[in-house]
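Scroll down for the structure; my scribbles are underneath it.
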Amino acid sequence: MSLGIRACFFKMFLNNPIFAVISRLMANKETTRYNQWLPTSAKEVKERGWDELDVILFSGDAYVDHPSFGASVIGRIIEHEGLKVAIIPQPNWRDDLRDFKKLGQPRLFFGVTAGNMDSMVNHYTANRRLRHDDAYTPGGKHGFRPDKPTVVYTQILKKLYPEIPILVGGIEASLRRLTHYDYWEDQLKPSILMDSGADLLVYGMGEKPLKEIIRLMKRGVPFYSLTNIPQTSFIVNQDEKYATKKQWQSQELFSHEDCLADKKKFASNFRYIEMESNAMMAKKLTQNYGDQQIVVNPPYPVMNEKEMDEIYDLPYTRLPHPRYKGKHIPSFEMIKFSVNMHRGCFGGCSFCTISAHQGKFIANRSEKSILNEVEHITKMPDFKGYLSDLGGPSANMYQMKGIFESICKTCRRPSCIHPDVCPNLNTNHQPMLDIYKKVDKIPGVKKSFIGSGVRYDLMMHKSKDESTNKSNKKYAVELIKNHVSGRLKVAPEHTSDEVLEIMRKPSFKLFYKLKALFDEINEKEGMNQQLIPYFISSHPGSHGADMADLAIKTKELDFKLEQVQDFTPTPMTVATVIYYSGYHPYTLKKVFTAKTKKEKLSQRKFLFWYKKEYRDAIKQELIKMGKKDLLTKLFR
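See the structure below:
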């Protein structure tokens, strides 16, 4: 057939009414498919018939419509509140800024988040070396977000749309709401509100403040007057009057200038910051910066089951947006078949940011909501029957809280389990046992694993209540027997009691008991599973001798360590305050920290005592420390 004849047939086909119908059906199917996600382009906005957007979100992550991705949760809440919302994932900040212009300006405000992970931790190793991958980007590629996207995105939007308010949130903004130490620049930085120019900051898990912001804006309240919403932070001029709540007491912190001039003042600030971030009856914090003032309102009360269920029951597709068709997003693959049962952590580890962001009180989902999500997962086409995780920030804190809430209301402890488990804490593991059993009975589920970290000090805690002790022993057996994928990962973090005290972790003696229990259950059940401990080198308080002790004790336990890391200072942690200032914020006593590259490498080598390339260096280090007697213990 000649080209001319083929062209005629093709033209006839195009003009055929049947083809027109087929085309419309195909177009409608494609539109419907995309409309299951929040719009990410002008075309998708137009397909919804929208002429204007109420809110536009910018995120440093790829758009995965899943409740584990913060930007998706925020977008779905805004949608649920009846507003028109779009999300622009990983906008290009280096070209002509077309990504920041393509949807125009929103009617109410822009929302900005760096993503699920702090961008500096995402970009750099503990030695400040650039990483070459990004788990939140298609293909795991590096370079699709800037350092500190919250600042970069907000500054761009302020230049393009100076009249439109900008709300920032997410872990990056949350941890930088006040004067903080920046490890990567090695200096103190002011609140991220100062550097970014944002109008309002939501810290922590942002659903409740976001709903209140939307409620007030729907009533016509101007954005600039939203100064009395809990769990938000903003800038005012000193002596400026602003709306607040009469019942809020106020705690003034040392100014940013005071912190720059005196490291001890910076350290002493943190005690108040941590306490008020995790108190049921918290105070408002204020900090002066030049002729301005940062105000941090107290947090909202922890969400109840109904509020948590509403968040997790929103109509997520649980999938990446179709724009990423055929592309692998590593972080999504990790959580694809996992279920988050609760939020928050009352461990209070001095190096961890969870309580600073999610709070120390546990917010629980209902059993019904959790089981419904599992059933939804079983219907996913590529589900093979294995749930990767039933957990939370710490796997075994579900439904745990104070027995008498009145005691919790006045408590100022940063940790409910250090130095000892609080006698007012309900540590009963039975609710988790009940859920595990019900999940495993759901058709299509072959095995449910617990991939989140397990607090073995909770699991092995001896309560005055005998029924709690029985359920906790049952939990330990159930976990090790049925929910470990060959390796149980736990985090003793160190072996030195002095270092563990600074870390707010239990004595290493408890790890010996865990290992004995783990080995006993494995032997009884005929299993050959591994116990994998995590350790940290160069943590504040850790000396070379402490690392030598760690090497010897782990050798005696027949461990050749794999899960290790060098301490990385991140904003809003006790350990980072010690690292920068040299003082413990609660005692204001001096604490040693390995800071130079040489000191840090020296400590890290002890974790790999079994590698030949480190043997001579470790021997020289022990001799230099006057610990020649340890040579035979480590290298006999």
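Counting in the working numbering, the final residue of the sequence shown is number 642, and the numbers go up one at a time with none missing. Even glycine gets a Cβ: it sits at the ideal position worked out from N, Cα and C. All figures in this text were calculated on a predicted structure; none of them were measured in a lab.
Give every residue of the same chain whose Cβ lies closer than 7 Å to the Cβ of V51, excluding the five residues on either side of it in the sequence, and list them in chain order. P45, L59, A92 and L109
Name the DSSP bridge partner or partners of Y130? L136
What did DSSP end up calling G550 once you bin it into helix, strand or coil? helix
Identified DSSP bridge partners for D572: S543
With respect to the alpha helix (DSSP H) encompassing Y442, which residues constitute its N-terminal and C-terminal limits? Q436 to D446
For D71, which residues does DSSP report across the bridge? L325
With 16 as the cutoff for other CB atoms within 10 Å, does D268 come out buried or exposed? Result: exposed.
When DSSP labels each residue in this structure, what does D297 get in the three-state scheme? coil
I'd like the list of long-range same chain contacts for C265, defined as Cβ closer than 7 Å, with 5 residues on each side in sequence excluded. The residues are T185, L194, K271, F272 and N275.
For A120 versus E213, is the C-beta spacing smaller than 8 Å? no
G176 versus D67 - alpha carbon distance: 11 Å
With a cut-off of 8 Å, do at least 3 Cβ pairs link the segment 72-90 to the segment 311-330? yes
Give me the DSSP bridge partner(s) of I538. K495
Looking at the strands, I want to know which residues DSSP matches up with K195. H186
Secondary structure of Y589, DSSP reduced to three states: strand
For G492, does the count of other Cβ atoms within 10 angstroms reach 16, so buried, or fall short, so exposed? exposed
Can you round the beta-carbon distance between S544 and K479 to whole angstroms, since I take them to be within the 8 Å contact cut? Not confirmed; about 36 Å, so no contact.
Can you tell me whether DSSP reads T46 as helix, strand or coil? coil
Going straight from the alpha carbon of G588 to that of T359, what length do you get? So the two alpha carbons sit approximately 19 Å from each other.
Measure the alpha-carbon distance for K634 versus L628 and round it to whole angstroms. 6 Å
According to DSSP, is F276 part of a helix, a strand, or is it coil? helix
Q257 by DSSP, collapsed to three states: which one? strand
Might you give, ordered along the chain, the residues of its own chain that have their beta carbon closer than 8 Å to the beta carbon of M18, omitting 5 neighbours on each side? The predicted model places M18 with a pLDDT of 45, which falls under 50 and marks its position as unreliable; any figure quoted below should be read in that light. If we look at M18 and ignore the five residues flanking it on each side, it has no Cβ neighbours.
Does L253 pass the burial test, meaning 16 or more other C-beta atoms within 10 Å, or should it be called exposed? Contrary to the premise, residue 253 reads as Gln rather than Leu in this sequence. Exposed is the call here.
Sequence-distant residues of its chain with Cβ nearer than 7 Å to Q111 (five each side left out): Y167 and I170
What does the alpha-carbon distance come out to for the pair L567 and D101? 45 Å
Inspect the beta-carbon positions of S197 and I279 and report whether they are closer than 8 Å. no
To the nearest angstrom, how far is the alpha carbon of M200 from that of I241? Going from the Cα of M200 to the Cα of I241 covers about 8 Å.
Assigned secondary structure, K214 (DSSP; H/G/I helix, E/B strand, else coil): If DSSP states are grouped into helix, strand and coil, K214 belongs with the helices.
Determine the extent of the alpha helix (DSSP H) in which C378 is found, giving its start and end residues. Checking the sequence, you will find Asn at residue 378 rather than Cys. Element bounds for N378: E373 to T384.
Need the endpoints of the beta strand (DSSP E) that F64 sits in, please. V61 to S65
Only counting runs of 4 or more residues, tell me where the alpha helix (DSSP H) segments fall wholly within the segment 450-491, in order along the chain. 462-465 and 472-488
Look up F115 in the DSSP assignment and give the residues it is bridged to. V61
Between which two residues does the beta strand (DSSP E) carrying V174 extend? That run of the beta strand (DSSP E) goes I172 to G175.
What residue does the beta strand (DSSP E) around T238 start on, and which one ends it? T238 to N243
Can you check which of these residues, D57, L89 and G55, is closest to L63 by C-alpha distance? L89
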